[in-house]
Structures are given as C-alpha cells and as structure tokens.
Amino acid sequence: MSDMEEETLDLASEQGTSTRNPHEMSNADLFSLLKTYMDTRLSGIETSFTDTTHTLEKKVKKAENSFKFKGHQVQYELNVDLQDLVQRALDYLGRNKSDKAVTILNDALNTLKKRNKLIRIADKSEGGWKTVQEYLSDDLASDSEDEKKIRAADTRAVKKLKSVKSADKKQNVRKRPAEASGSTSQTAHNAIPVSVSMPPFRGSRPGYGNQVKRSREGDMCFRCGLFGHWASDCKKDTKTGFGAPRGTS
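Under the UniProt record's numbering, the sequence shown has 218 at position 218, and the numbering climbs by one with no breaks.
Written out as structure tokens, the structure reads:
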C-alpha cells in the first residue's frame, strides 16, 4: 500500500469518527465525566472547609488573649491574620496548588502595605492614631479622594481631642470647692485650716453682753485679717491702714 493510499484511509477514518452521532456516549465517557465533576465538587468542599477552619482558629486566638493597651491588641490581631495567611499558603503549596498560594501571599502583602500606610498617617497627622480611627471609619471615599479623606479624618480627630481636653479641664476646676466658694482670707491661709465665725454684736440684746466670750488665738479679725482678736477689739486705723499695737489706747 502506497503512502497516498494510507493517507486516504486515515482521512476516511477521521471522517467516519466525526460523523458519529454526538449524542452517543459510552459508559467510560460517562464515568470519566462523573469523576471529573465529583473531584471538582470535593475540591471546593475541601477548600471551603479549610478556610472555615482557619477562620475559626483565628477567632479563637484573638478571643483568648486580652491586653491592657489597645495598640498592643491591634498589633497582635494583625500578626494573627498574617500568620493565618502564611499557613494557608503553605497548605496550598503542600497540595501543589501554587496559584491559590500565590493569591493568599498577595493578600498578606497587601495587609502589610495597608498597615505601613496607617503608621505613616498616624506619624504625620496631628491627631495621631485617633486620625487613623477616623480614617478607617470612612469607607465611602474612593482611592482618588484618599488625600482629602486623610485630611478630613485628621480634622475630626483633632476636634475630638480638643473637646476631651476641654471637658477634663472643666472637671478639674469643679474639684476645687475651697477656691470656688471660700473667702479671701481662707484662700490666703489655705495651708492652715481655720474655722471663722462672725462675732456677735455687743448690746444687740439686753443682757447678751455678759454672755460674750473672749477671743482665742485661732479666731481671725475681719478688719485686719490677723489672728488672736475679733473685729470689735481691732486697733487698726481705718484711715491710715495701720493698726495700733495691741493693748495701746
């Protein structure tokens, strides 16, 4: 048989195969199709189960640790997220699924880039990490408006910080009752607690003069501000502003 005849037979064979009814399917073809479908479904279920397991492990790690400072908690949760991404990438590499591993590693890289961006915002803005909180709370702005979004967040953060400082200052002022309601003499001598009482006027009632007690060392004069006598016994000269010595006429 010549080469020409062999080529003719091969062509006829191919044509015969192509003219076969497309609806005809052997049991082997059906089994192969079913196997491919089941493998795909099982792979999807396995991936979903693995992702769910990693998510639960991550939540447990975050919940079982508490920190005194908010900044430490934020950094710890970020580290947990990165650890989870790296572990998932390693699992995919172990199953020869390099495409999914690369996707997860890119997610980890984007997480680190975002963290570094927030650190720069906190360092350059007046409001610090308060600005970052305001920035993260505003998710509606597009990437093109990012600069404007940062400035607006910084303005809100600074305004809130000033409001908190003003409230603290007012609260501290309210905690000084001696300065708010005390007399001038009490403020001047706040280092020595003195109980001051108004002396009774002699002769205000019949027979009351005999009940007046003598002054003591702790009593203060309302005329000159000195201690040891009352205003009724004060020798201060109201015209010159100088008092005469005690016991002189």
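The C-beta atom is built at its ideal place from N, Cα and C for all residues, glycine as well.
Only a predicted model underlies this, so the values are computations on that prediction, with no experimental measurement involved.
Asked	Found
Indicate whether R115 and L85 have their beta-carbon atoms separated by less than 8 Å.	no
What is the residue span of the alpha helix (DSSP H) that A101 lies within?	S98 to K124
Rounded to whole angstroms, what's the CA-CA distance from A153 to T131? Just pull it up for me.	5 Å
Tell me which residues share the same chain as F227 and place their Cβ nearer than 6 Å to its Cβ, disregarding the 5 neighbours each side in the sequence.	M220
When you compare only the Cα positions, how much space is there between S232 and Q171?	41 Å
When you compare the CB positions of residue 250 and E126, do they come within less than 8 Å of one another, or not?	The requested residue 250 is not part of the displayed model; the chain covers only 1 to 249.
State the Cα-Cα distance for the pair I150 and I104, rounded to the nearest angstrom.	28 Å
Taking the C-alpha atoms as reference points, what is the distance between K235 and G218?	18 Å
Please name the residue or residues paired with F222 in a DSSP beta bridge.	Its beta-bridge partners do not exist; DSSP assigns none.
Go ahead and pull the three-state DSSP assignment for F69.	coil
May I ask you to list the residues that DSSP assigns as paired with F227?	M220
Quick check: the Cα distance between D29 and Q87, rounded to an integer number of angstroms?	39 Å
Between which two residues does the alpha helix (DSSP H) harbouring E134 extend?	W129 to S137
Exposed or buried, which one is E145 when buried takes at least 16 other CB atoms within 10 Å?	exposed
Around the Cβ of I119, are there at least 16 other Cβ atoms within 10 angstroms (buried) or fewer (exposed)?	exposed
Assign S32 to one of three DSSP states: helix, strand, or coil.	helix
Using CA coordinates, which residue listed in L109, L161, A108 and R95 is at the minimum distance from residue 280?	Here the chain comprises residues numbered 1 to 249, so residue 280 is not present and cannot be evaluated.
Since I believe L82 is in contact with A108 (beta carbons under 8 Å), could you give me their beta-carbon distance rounded to a whole number of angstroms?	6 Å
Where does S163 fall in DSSP's three states?	helix
How many angstroms separate the CA atom of F69 from the CA atom of G128?	16 Å
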